[in-house]
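Chain order of the listed sequences is D and A. When the letters of the first sequence are read in order and numbered with our numbering, they come out as residues 1 to 237. When the letters of the second sequence are read in order and numbered with our numbering, they come out as residues 1001 to 1237. Built from N, CA and C at the ideal position, the CB exists for glycine as well. Keep in mind that this is a model prediction, so the values were computed, not measured.
Protein chains: 2
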Amino acid sequence: MLHGPEPLAHIRRYTFVLLEALAPRLAAAKFQLAFFEALGPEGMALLWELASASRVMGLPVIFDGKRGDIGSTAEAYARAYLEAFPGSALTVNPYLGLDALKPFFQAASRTGGGVFVLAKTSNPGSGFIQDLPVEGRPLYLYLAEALEREGEGYREGTWSRVGMVVGATYPEAVARVRERAPHAPLLLPGVGAQGGKPLKGEGLLLAASRALYYPGGRPDLKAALEAAEALLKALVE
Amino acid sequence: MLHGPEPLAHIRRYTFVLLEALAPRLAAAKFQLAFFEALGPEGMALLWELASASRVMGLPVIFDGKRGDIGSTAEAYARAYLEAFPGSALTVNPYLGLDALKPFFQAASRTGGGVFVLAKTSNPGSGFIQDLPVEGRPLYLYLAEALEREGEGYREGTWSRVGMVVGATYPEAVARVRERAPHAPLLLPGVGAQGGKPLKGEGLLLAASRALYYPGGRPDLKAALEAAEALLKALVE
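Given below as structure tokens:
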């Protein structure tokens, strides 16, 4: 991520230009918190600036932080993102259990935002815990069924504020989760750089992070716009 | 967490005084990242300041962030904490699998730090995923066995850089994890405010966060020192 003598200034400038150029073609801006944290406190200040700018551009924000902790601490994470930016979403990790997720659901409900719970992640080794058999189906489906039930209390029309993350690299998992959780918006990372194909369907939010942000492994505005057009074309064909 | 007209200044002053007073009685300072993130970018600047101060006082730092993401992003989290503060430790979440944990282990090895992987957490609902049966034992023990094997490559003498988090609220889980993972340092949160008792044993790191930081639900230096003395006394009796 670090290029040139002033990495923060470079990232700030490039990301602003890219956001403005891509905004009409995006459903939301997903910020990967790790890369801002890796830049230290100034990186977090940049995250806040970019999240605010996204909202001015009419782009909903997804904070991709995969946070998760016991109740009182989960509330602090909810304050840090869902309450600081009403109408935004946060990705969270289910390993601590449903009681630890509840503060996130409640905060999303209060603030008009959403939560995406990790179900089946895009990485090659995601099966280590997520595919363990639980009464005849993989753990991620056991989780998806429980979250569909929990999410019932947070529905606004068709869709619940309780969504899930399912890697686009596992299209069969996307289909199985959709079947068990018909009211959960699904965030699908891994499109592009990780080899996932764009999938069509209602309530599917495709995330092509590296493919759009650093196409070919470097900042390239023209290539990013072309990559966005190609992905959108694949979706309407 | 917010008190008075200048919450950040209050927290900064109280935490500095408390750290200085408690330092001779502590093995490490564990910072709960959520509460700094909830204060916005200035909160993260305060975290860096306090982490630096802890090291000046000779206190190793544990960043309690329960982070976890796929490989390239896990590397960014490792840069943000383990590489920014060599010799420190970070708590991480295992839901994404062993491939997603490896960048943390490698960073800890490079920087002389450590990693504590969530095994059995202290909250009442932690069993939802962590107690699921996996070939005859709970999932957290299946994980502990795998981490003991992985941790073999990161041992320095008796102890591995790959440790685990086991709630002091589940003393039988602490005993079972210790049996399966004899080389893993165990971080035991939940002592005090959550009802966990101080447990004795080699390689056990007791975390009494709320009981020491906000005894009785408010900042009280005298009560914090008394609570620390009482906990230490319980350990030597």
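Any C-beta of chain D under 8 Å from that of residue i
{"i": "P1124(A)", "result": "yes"}
{"i": "A1034(A)", "result": "yes"}
{"i": "E1037(A)", "result": "yes"}
{"i": "V1134(A)", "result": "yes"}
{"i": "A1144(A)", "result": "no"}
{"i": "I1129(A)", "result": "yes"}
{"i": "L1235(A)", "result": "no"}
{"i": "T1121(A)", "result": "yes"}
{"i": "L1225(A)", "result": "no"}
{"i": "A1108(A)", "result": "no"}
{"i": "L1008(A)", "result": "no"}
{"i": "A1211(A)", "result": "no"}
{"i": "P1219(A)", "result": "no"}
{"i": "L1098(A)", "result": "yes"}
{"i": "L1186(A)", "result": "no"}
{"i": "L1139(A)", "result": "yes"}
Buried or exposed (CB count within 10 angstroms, at least 16 for buried), residue i
{"i": "L90(D)", "result": "buried"}
{"i": "A27(D)", "result": "exposed"}
{"i": "E152(D)", "result": "exposed"}
{"i": "S1052(A)", "result": "exposed"}
{"i": "A1009(A)", "result": "exposed"}
{"i": "V56(D)", "result": "exposed"}
{"i": "P1133(A)", "result": "exposed"}
{"i": "E1163(A)", "result": "Going by the sequence as given, residue 1163(A) is Gly instead of Glu. Classification of G1163(A): buried, given that the 10 Å Cβ count is 16 or more."}
{"i": "G216(D)", "result": "exposed"}
{"i": "E172(D)", "result": "exposed"}
{"i": "L1050(A)", "result": "buried"}
{"i": "G157(D)", "result": "exposed"}
{"i": "L1022(A)", "result": "buried"}
{"i": "P182(D)", "result": "exposed"}
Contact check, residue i vs residue j, beta carbons under 8 Å
{"i": "N1123(A)", "j": "I70(D)", "result": "yes"}
{"i": "A168(D)", "j": "L143(D)", "result": "no"}
{"i": "L82(D)", "j": "T111(D)", "result": "yes"}
{"i": "L212(D)", "j": "P185(D)", "result": "no"}
{"i": "G68(D)", "j": "N93(D)", "result": "yes"}
{"i": "A108(D)", "j": "Y154(D)", "result": "yes"}
{"i": "G1201(A)", "j": "R1178(A)", "result": "yes"}
{"i": "L232(D)", "j": "R25(D)", "result": "yes"}
{"i": "G87(D)", "j": "P60(D)", "result": "yes"}
{"i": "E148(D)", "j": "R180(D)", "result": "yes"}
{"i": "F1116(A)", "j": "L1187(A)", "result": "yes"}
{"i": "V1166(A)", "j": "A1119(A)", "result": "yes"}
Same chain, Cβ closer than 6 Å to residue i, neighbours up to 5 away in sequence not counted
{"i": "I62(D)", "result": "A28, K30, A89"}
{"i": "A1078(A)", "result": "P1103, F1104, A1107"}
{"i": "L96(D)", "result": "G68"}
{"i": "D131(D)", "result": "P138"}
{"i": "M1(D)", "result": "In this predicted model, M1(D) has a pLDDT of only 45, less than 50, meaning its place in the structure is not dependable enough to derive any value."}
{"i": "Y1170(A)", "result": "K1120"}
Cβ distance (whole Å) where residue i is taken to contact residue j below 8 Å
{"i": "L47(D)", "j": "A224(D)", "result": "Not quite, the Cβ-Cβ distance comes to about 20 Å (not below 8 Å), so this is no contact."}
{"i": "G1192(A)", "j": "R1210(A)", "result": "7 Å"}
{"i": "A1065(A)", "j": "L1033(A)", "result": "Checking the sequence shown, residue 1065(A) turns out to be Gly, not Ala. The Cβ separation is near 4 Å, so the contact holds."}
{"i": "A1038(A)", "j": "A38(D)", "result": "Rounded, the Cβ-Cβ distance is 20 Å, inconsistent with contact."}
{"i": "W159(D)", "j": "G203(D)", "result": "6 Å"}
C-beta neighbour in chain A for residue i, strict 8 Å
{"i": "Y77(D)", "result": "yes"}
{"i": "Y95(D)", "result": "yes"}
{"i": "A181(D)", "result": "no"}
{"i": "T158(D)", "result": "no"}
{"i": "G71(D)", "result": "yes"}
{"i": "A173(D)", "result": "no"}
{"i": "A80(D)", "result": "yes"}
{"i": "L118(D)", "result": "yes"}
{"i": "L19(D)", "result": "no"}
{"i": "A84(D)", "result": "yes"}
{"i": "A230(D)", "result": "no"}
Spatial neighbours of residue i in its chain, beta-carbon cut-off 8 Å, leaving aside the 5 residues before and after
{"i": "E20(D)", "result": "M57"}
{"i": "E1145(A)", "result": "R1180, A1181"}
{"i": "M44(D)", "result": "F36, E37"}
{"i": "R161(D)", "result": "F105, A108, S109, G113, G114, V115, G151, Y154, R155"}
Sequence-distant residues of the same chain with beta carbon closer than 7 Å to residue i, five excluded per side
{"i": "A100(D)", "result": "G68, D69, I70, G71, A74"}
{"i": "R1012(A)", "result": "L1046"}
{"i": "R176(D)", "result": "L141"}
{"i": "Y1014(A)", "result": "P1219"}
{"i": "L221(D)", "result": "V17, L18, A21"}
Query raised in the report: the region 1037 to 1069 of chain A: which residues have C-beta closer than 7 Å to a C-beta of chain C, in chain order?
Result: Chain labels in this structure do not include chain C; the protein chains are D and A.
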